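Read the structure below first, then the notes.
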Amino acid sequence: GPYLTYENTYLAVTGGSGVFKGARGQVKLHQLIFPFKIFYTFYLEGIPPLPAELLGEP
138 GPYLTYENTY LAVTGGSGVF KGARGQVKLH QLIFPFKIFY TFYLEGIPPL PAELLGEP
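Just so you know, my numbering puts 176 at position 39 of the sequence shown, and the rest follows in order with no gaps.
Structure, rendered in structure tokens:
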């Protein structure tokens, strides 16, 4: 879909590689400080449980 700078944008996820092979769903892009900071929220299906190193706090 189109990338919007004035409101939330939703983009399709149609696949991936590695642990994300077969992933599908969408990702929401929320502008925090245009154009420098964007908050990404992923809504995914079709992936196995994630490895522990991807679940920790940064």
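Using N, Cα and C, we set each Cβ at its ideal position, and we do this for glycine too.
Since this is a predicted model, take the numbers as computed values, not measurements.
Can you grab the Cα-Cα spacing for the pair residue i / residue j, in whole Å?
i	j	result
tyrosine 140	alanine 149	11 Å
lysine 158	proline 185	9 Å
lysine 165	tyrosine 147	5 Å
isoleucine 175	leucine 169	5 Å
proline 172	glycine 155	30 Å
threonine 151	alanine 189	24 Å
proline 195	leucine 187	16 Å
Beta-carbon separation of residue i and residue j under 7 Å?
i	j	result
glycine 162	leucine 181	yes
Alpha carbons only, please: which of the options is nearest the one belonging to residue i?
i	options	result
asparagine 145	Pro195, Leu187 and Phe179	Phe179
Suppose the cutoff is 7 Å on Cβ atoms and the five residues either side in sequence are ignored; what does the same chain contact list for residue i look like?
i	result
glycine 153	Ala160
Which same chain residues, not among the five before or five after residue i, have their C-beta less than 6 Å away from its C-beta?
i	result
histidine 167	Asn145 and Phe176
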